[in-house]
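**Q** Residue numbers (the UniProt record's numbering): 70 to 383.
The C-beta atom is built at its ideal place from N, Cα and C for all residues, glycine as well.
Below are the structure tokens for one structure; questions will follow.
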Ligand code: PMP
């Protein structure tokens, strides 16, 4: 917990999963003052547990807290809380290759505030749950639907931070796309209505020859930890990586499209449907995406050497 004035979070403790008590007038319930994060812990073949770049999630929460007028735990406090949560739940981390432990840090305005203003008190907590691998066998291609009615984010809004209030408004678009048989929604920018932004919980990349492009993180998309890691891995593998605005029309010319995120890792996109036109892309074993996937997942699961020092063993 932390009060508005002292800006320092007191040391918490690990307790059993339970409901929390919250004032009906809390900042999070009334004004959406809340931030979330998502991190995965994997079990290595030798039984030890690896966390992937939790410091990056801590830093992202700091940026988000600034935008949402909230104090934030230090990077050390954040990472320590994540480690303690994993340690307390180590028996729930699935065996190597069989899934992961999903960790969800949350920072909420827990104090009562009736008028529109920052909450007088904040609570940071972490919970965890085992999850299965996103893909049961191999990489199944995603089929995306380009949304033209709803926008995920607008300039000057909160699209670049992981606030809880970004997610409820897109459930309608996601539900509609799913009911039509698509795996996810691909959002466009709200000003020109033609530049690719991201999917509901993952970033997007397109491949043309040796060039891999992804939209820039300049205020409306989330700076994914996986996105940044893939940009680095791709450059190391000799690809030219460009962070630039990508018009939706460029999809017709792309060889491959893929998504990145903590949940999916790196996921090939088989098709994108835009204005009733279905554009198909190369997928499968030999594609760029599958090479990037095995490099990233190899590091995350301790199957290949982590030369970058991205993983923390606990
Ligand atoms: N965009 C959005 C909107 C997301 O919710 C997520 C998931 N955190 C991502 C992208 C991917 O980010 P990361 O690679 O850090 O999971």
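Just grab the DSSP bridge partners of residue 212 for me.
**A** 340, per the DSSP bridge assignment.
**Q** So, for residue 171: in the same chain, excluding its five sequence neighbours on each side, which residues have a beta-carbon less than 7 Å away from its beta-carbon?
**A** The answer, listed in chain order, is 107, 109, 197, 198 and 200.
**Q** Do you know how far the Cα of residue 83 is from the Cα of residue 154?
**A** In a straight line, the C-alpha of residue 154 is about 7 Å away from that of residue 83.
**Q** Mind checking whether residue 148 and residue 181 have CB atoms under 7 Å apart?
**A** Result no, Cβ atoms of residue 148 and residue 181 do not sit closer than 7 Å.
**Q** What I want to know is whether the C-beta of residue 107 ends up closer than 6 Å to one or more non-hydrogen atoms of the ligand PMP.
**A** Checking every heavy atom of the ligand PMP against the Cβ of residue 107, one is found closer than 6 Å.
**Q** Return the first residue and the last residue of the alpha helix (DSSP H) that residue 362 is part of.
**A** 357-369 is the extent of the alpha helix (DSSP H) around residue 362.
**Q** Below 8 Å on the Cβ atoms is my contact criterion, and I expect residue 327 with residue 251 to pass it. Report the Cβ-Cβ distance as a whole number of Å.
**A** Incorrect: roughly 16 Å between the Cβ atoms, too far for contact.
**Q** Which partner residues does residue 197 have in the DSSP bridge list?
**A** 172.
**Q** Between the alpha carbons of residue 355 and residue 259, how many angstroms are there, rounded?
**A** Whole-angstrom Cα-Cα distance: 35 Å.
**Q** Under 6 Å from any heavy atom of the ligand PMP, does the C-beta of residue 338 make it?
**A** No; taking the cut-off as 6 Å, the Cβ of residue 338 has no heavy atom of the ligand PMP nearer than that.
**Q** Give the DSSP-derived three-state secondary structure of residue 95 in the structure shown.
**A** Note: residue 95 maps to strand in three-state DSSP.
**Q** Should residue 88 go down as buried or exposed, given a rule of 16 or more other Cβ atoms within 10 Å for buried?
**A** It counts as exposed.
**Q** Taking the alpha carbon of residue 312 as the point to measure from, which residue in 383, 124 and 285 has its own alpha carbon closest?
**A** For residue 312, the nearest C-alpha among the options comes from 285.
**Q** Determine the direct distance from the alpha carbon of residue 333 to that of residue 114, and round the result to whole angstroms.
**A** Those two C-alpha atoms are separated by around 21 Å.
**Q** Applying the 10 Å Cβ sphere with the 16-neighbour rule, what's the burial state of residue 240?
**A** With fewer than 16 other Cβ atoms within 10 Å, it is exposed.
**Q** Quick check on this structure: which residue in 144, 257 and 100 has the alpha carbon closest to the alpha carbon of residue 137?
**A** With distances taken between Cα atoms, residue 137 lies closest to 100.
**Q** Using only the heavy atoms of the ligand PMP, determine whether one of them is closer than 6 Å to the beta carbon of residue 267.
**A** Yes, the ligand PMP has a heavy atom inside 6 Å of this Cβ.
**Q** Given this structure, state the Cα-to-Cα distance separating residue 25 from residue 77, to the nearest angstrom.
**A** The first residue shown for the chain is 70 and the last is 383, placing residue 25 beyond what the model contains.
**Q** For residue 272, verify whether its CB is less than 6 Å away from any heavy atom of the ligand PMP.
**A** Under cutoff, so the answer is yes.
**Q** Exposed or buried, which one is residue 325 when buried takes at least 16 other CB atoms within 10 Å?
**A** Classification of residue 325: buried, given that the 10 Å Cβ count is 16 or more.
**Q** Determine the direct distance from the alpha carbon of residue 90 to that of residue 287, and round the result to whole angstroms.
**A** About 37 Å.
**Q** From residue 305 to residue 299, what distance separates their C-alpha atoms?
**A** For residue 305 and residue 299, the distance between alpha carbons rounds to 10 Å.
**Q** Can you determine whether any heavy atom of the ligand PMP sits closer than 6 Å to the C-beta of residue 208, and answer yes or no?
**A** Not so, every heavy atom of the ligand PMP lies at least 6 Å from the Cβ.
**Q** Please determine, among 164, 213 and 102, the residue with the shortest C-alpha to C-alpha distance to residue 347.
**A** Among 164, 213 and 102, the Cα nearest to that of residue 347 is on 213.
**Q** Roughly how many angstroms separate the alpha carbons of residue 195 and residue 174, rounded to a whole number?
**A** For residue 195 and residue 174, the distance between alpha carbons rounds to 4 Å.
**Q** Using the Cβ count rule (16 or more neighbours within 10 Å means buried), how would you classify residue 249?
**A** By the neighbour-count rule (16 or more Cβ atoms within 10 Å), residue 249 is not buried but exposed.
**Q** Below 8 Å CB to CB, which residues in the same chain sit around residue 316 once its five sequence neighbours on both sides are set aside?
**A** So the list reads 263, 264 and 265, once near-sequence residues are dropped.
**Q** Determine the extent of the beta strand (DSSP E) in which residue 255 is found, giving its start and end residues.
**A** First-last of the beta strand (DSSP E) with residue 255: 253-257.
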